[in-house]
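Below you'll find the structure, written out as structure tokens, and then a few comments.
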Amino acid sequence: MQKIEAVIQPSKLDAVKDALVEAGVSGITIFEARGHGRQKGHTEFYRGREYAVDLLPKIKLELVVSDDAVEKAIQAIITAARTGRIGDGKIFVSKIDEAIRIRNDERGEIAL
Amino acid sequence: MLRAEYERRLTEIRRGFEQSGDGLKAAAARAALVDSLILRTWAVEAEADPKLRSGFALCAVGGYGRGLLFPYSDIDLLCCVEASAAANAKPSIRRLSQSLWDCGIQLALSIRRPEECDHFQPGNAEFGLSLMDVRYIGGDQKIFDRLREKSVGKMMQRDGKAIAAELEKLTRDRHAKYGDTLFHLEPNIKDCPGGLRDAHVCQWLGSLRGEGTVESPEFHEALAFLAAVRCFLHYRHERDDNILDWQAQDAAAELGIGLSGRVRASVDPAYWMRVYFRYARIIERRLIREAEDSGLRIEAETPLRRIKVSRDAGFEIKSGRIELAPLAPSGIDAAHEPDIVLAVFAAMARTGATLSPATEERIADAIPLLSANLEEGPGLWLQLDAILTAERAGAALRSMHALGVLELLLPEFHGIDALVIRDAYHRYTVDEHTFVLIDTLHGLEGDPGPDAPEWRVKFRTMIRELQNPGLLYLAAVLHDTGKGRSGASHAVESARLARSVLARLEMDAYDSSMVMRLIENHLEMSAALRRDIFDADTVRAFAGKVQTHEALRMLTLFTYADIAAVHPDALTPWKAENLWRLCMAANNQLDRNVDDERVHTLGSLDGTAASKARDEKIARVLALAPGEETALENFLNGFPARYVKTRSADVILQHFAMTRLFEQEPFQIAFQYGNAVHEITLVTQDRPRLFAGVASALAAWGMNIVTADAFANSTGVVVDTFRFTDSFRTLELNATERERFVASVRDLIAGRASVEKLLSGRRRGRRRVPRLKVETRIEFDNTAAAHSTLLQVVAQDVSGLLRAISMTLSSLGHNVEVALVDTEGETAIDVFYLTNGGLQLNSEQERVLREALTAAISENAS
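Protein sequence lines correspond, in order, to chains A and B.
Just so you know, this note's numbering puts 16 at position 16 of the first sequence, and the rest follows in order with no gaps.
Positions in the second sequence are counted from 1; adding 1000 to them yields this note's numbering.
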């Protein structure tokens, strides 16, 4: 099992969700996030005053999938979230030791 | 054996309920059944041990004590034992409990000595409250009498105030948990405001006052309805689950649950829910009265604000209650006078006071007469505006709605009365969502505190500095009325309904157009938030729909409150911040490209930003002037698209008609006197210093320009519109001055009178000290338009500023192609698209202009 964490543009959330469902991923956790990578941020002016927009709005997704589904899920996210511009986001993948379904104590991939 | 009998009897009770729909009867039957089983089980014990016949009593408490056991409700049994009998009784009580559990009766059993029940413990309020409903089942009657008369009676007498205070606190906390509203899409019919628990509180408060339970027919009807629904839900869920979810609503409507008193048949779920809310309102209002009679206040605490009410106002405010004046000897009833009744609600909205029960009744009874006496038009709008813009408008509107006054003024609101719209996000009925939205907007006016995020501070500034906040609140009231109609889009339906409201209120074109655009576009900002808000195309498209800074400010605030009113967690700080960022980006976009995007060819608009909506607007204008299409197309040709977008079809036609009068008077002026902001529009053939001329004329009259714009078409016809406030109330105090004002402005523009002479004759008033110091910023942009230079001046808003700027521009020979003038509180933001000799300004011209403007602004301010 592996955990996929993806930071994407908020406007791409619906497309990514649809793509993951299409790829057979059913469980997903979504966080409203702020941050920046190479995109840094910029300055906005409003009525003559300057405002720094240094942390940009992002959506962070977390999903845990079986090893054989990882690549499919990653491709689904990339295809749906990519615009080719700076700020499209990042995907991080890490190993998961165990998954437990609280309701019935099922363990392993069956609990996903 | 006993279990089989119990189950058989339960099945009979259920069958009886399914046939009769009588929830009270079913609940009473289950209580009686449990009584009989307890007595039979206890009889076996008492037979075996005669000592149990004295010093011991079996008592029902809580709901069971009231003799009402809903199908899956807990059974609270109190074994009241004298100290001397306790040791002997314990094994028998254990066996009684065991036997009843074996029957399937899940007892919540407590054992107390009578003297342990004579004081109320706030830490165990539930037990104390349950004792108030204590009822004898069996055993030693004397023990029971001692418990009821001496212990419980003593407790209620001695600790009555503490019990009432605890009830007040528990009820308030419970109501707060449900957002202090009964209008939930999926209500808990026991615990929500207006639910069964509130009915119990009414009964307890009555008992504490020693008045017992006096049930009015409507209260009993409401109780019977809720009891039927609770029985239905228990049977449906097979547990003590009192949530009336959508599926349950459908099923209850299908079976006509609770409607047994009338024709019990399938009804529409929306209708059935309205019946539910009507009964819940009856319970809630009764609770408020019971609380008031007990010296309590169940409604959320709001600090009262004092206002002065004149003696002849027709009402008075005493101890936070508004009381209508008693019936006059002449027979005149204040409740029949719309002006008085609306003033009552305005006072309610300003002070946070509530109506006395008698006043509520008198107003509710007077609705037909109020309807006959009501006069619509600007006067009604003034009264509505006073209610909507006051801090506690939400409470006043809820009260108006409950009494039928809101529907009297705005029948369009009736369609969303207690309307349940099923989606996964909303928590409240459509009418309540509207009131929560209005509460949220007023909440933004409050101090956000020192650690508030930037967007919160900015939103507060925005709402406090709106020129005419009543428009935002009116749009809020009407924005979802279309949900009560079938149609493709509720925003379109709401706008259609709003049009007739605005016509009845006889609002001027600018205000009407603002309200209409807010309603039509009220979902646009939420939609834009789902796109990339840093993408230029997204921002451009959104700004294109908003068109003006004032509309953007209102839409931003509206969207904030609309999302927050969906449910308490809907508006995350993340969303609010994105809203603020989109507002900033759209704001910067609004003044760009205005000079380039023009009505370019007859009947359609310039290439890139042309949209179907705009073409439809032109088509609508043309359709209103049959036979004059060609002349009208010539008039429209070359105007910035902003002009067409921000004017209603009627106003455009008015401007067109004014051009036909140029031969009689080349300076055509339309003047609109408003409640707070007045509007003057000049339509004439372009000539130098025209814009500066109007600005100067208004300055000479002491008018404070709030917003302005200036547009020209391809034949050089200009339409300059100025919206201004009358700082010295010249036009308000002297209605006859209005004509003289218009004539004077015309003469000043035409050069037939001297601005300087008028200015020198005007005594300059002492300038107030600004709350916020605004630094002057002057910026040029040659990329915002292909053939003109964009000049943006941000400066302290002081009278004469626009005159100073526009005179400087004309003195240097610069032509104003487009002007967009706006103020935001203390800040004036003036944007001009300038040309000189038909070309953009060069860097030297910009340098000279910057210096001249800096000097002129500084001189005007000093």
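C-beta atoms are modelled at their ideal positions from N, C-alpha and C, and glycine is treated no differently.
Predicted, not measured: the structure shown is a model, and the values here were computed from it.
Against B/N1782, chain A offers no close residue; the least beta-carbon distance is about 17 Å (beta-carbon pairs closer than 7 Å). Taking 7 Å as the CB threshold, A/E32 lines the interface with chain B.
Sequence-distant Cβ neighbours of B/E1012 in its own chain, meaning closer than 6 Å and more than five residues away, do not exist here.
One thing to note: A/V64 has its Cβ no nearer than 7 Å to the Cβ of A/A73. Neighbourhood of A/S11 in chain B, by CB distance below 7 Å: R1530, R1531, D1532, in chain order. In the three-state scheme derived from DSSP, where H, G and I count as helix and E and B as strand, B/S1110 is classed as strand. Using a Cβ-Cβ cut-off of 7 Å, B/N1578 counts as an interface residue toward chain A, since at least one Cβ of chain A sits closer than that to its own. For B/L1682, the closest of B/F1277, B/T1659, B/A1029, B/D1365 by C-alpha to C-alpha distance is B/T1659. Each of B/K1545, B/R1581, B/R1230, B/G1062 was checked against the Cα of B/Y1560, and the nearest Cα belongs to B/R1581.
The beta carbon of B/G1021 sits closer than 8 Å to those of A1228, L1255, G1256, I1257, G1258, L1259, S1260, R1264, all from its chain and outside the five residues before and after it, given in chain order.
In terms of CA proximity to B/R1592, B/G1544 leads the group B/A1631, B/G1544, B/C1583. Under the Cβ distance rule, B/W1574 counts among the residues neighbouring chain A, one pair being separated by less than 7 Å. In the displayed model, B/Y1673 falls within coil according to three-state DSSP, outside both helix and strand. Of all alpha-carbon atoms in B/S1130, B/K1483, B/R1112, the one lying nearest the alpha-carbon of B/V1061 is that of B/S1130. Counted as a single uninterrupted DSSP element, the beta strand (DSSP E) harbouring B/F1724 occupies residues 1717 to 1726. Within the region 1444 to 1494 of chain B, the alpha helix (DSSP H) runs of at least 4 residues that lie entirely inside it are, in chain order, 1454 to 1464, 1469 to 1478. In the DSSP assignment, B/V1594 falls outside any alpha helix (DSSP H) and carries neither an H nor an E. Only residues of its own chain outside the window of five on either side were considered, and among them L1167, T1171, L1287 have a CB closer than 7 Å to the CB of B/V1201, listed in chain order. B/R1113 and B/A1083 have their C-alpha atoms some 6 Å from each other.
By the neighbour-count criterion, in which 16 or more other beta carbons inside 10 Å mark a residue as buried, B/H1184 falls on the buried side.
Here B/I1652 carries a helix assignment [DSSP, helix/strand/coil]. The beta-carbon separation of B/I1705 and B/F1722, rounded to 6 Å, stays under the 8 Å limit for a contact.
The DSSP-derived three-state label of B/Y1178 is coil. Residue state for B/H1426 is assigned as coil, using DSSP reduced to three classes. Between the alpha carbons of B/A1631 and B/V1745 lies a distance of about 28 Å. Taking C-beta separations shorter than 6 Å and ignoring five residues to either side along the sequence, the partners of B/F1225 in its chain run G1258, Y1279, following chain order.
Counting along the chain, no alpha helix (DSSP H) covers B/L1791; the unbroken beta strand (DSSP E) around it starts and ends at 1789 to 1796. Assigned with DSSP and collapsed to three states, B/I1243 falls in strand. Taking the Cα positions, A/A6 is about 53 Å away from B/G1063. Contact between the region 1146 to 1153 of chain B and the region 1399 to 1417 of chain B is not established, with fewer than three Cβ pairs separated by less than 8 Å. The shortest C-alpha to C-alpha distance from B/G1415 to any of B/L1355, B/R1738, B/A1270 is the one to B/A1270. Under the three-state reduction of DSSP, A/R107 is assigned to strand.
For the 7 Å CB-CB criterion, B/L1355 and B/S1294 do not form a contact. Counting C-beta atoms within 10 angstroms of its own C-beta, B/V1546 has 16 or more neighbours from the protein chains shown and is therefore classed as buried.
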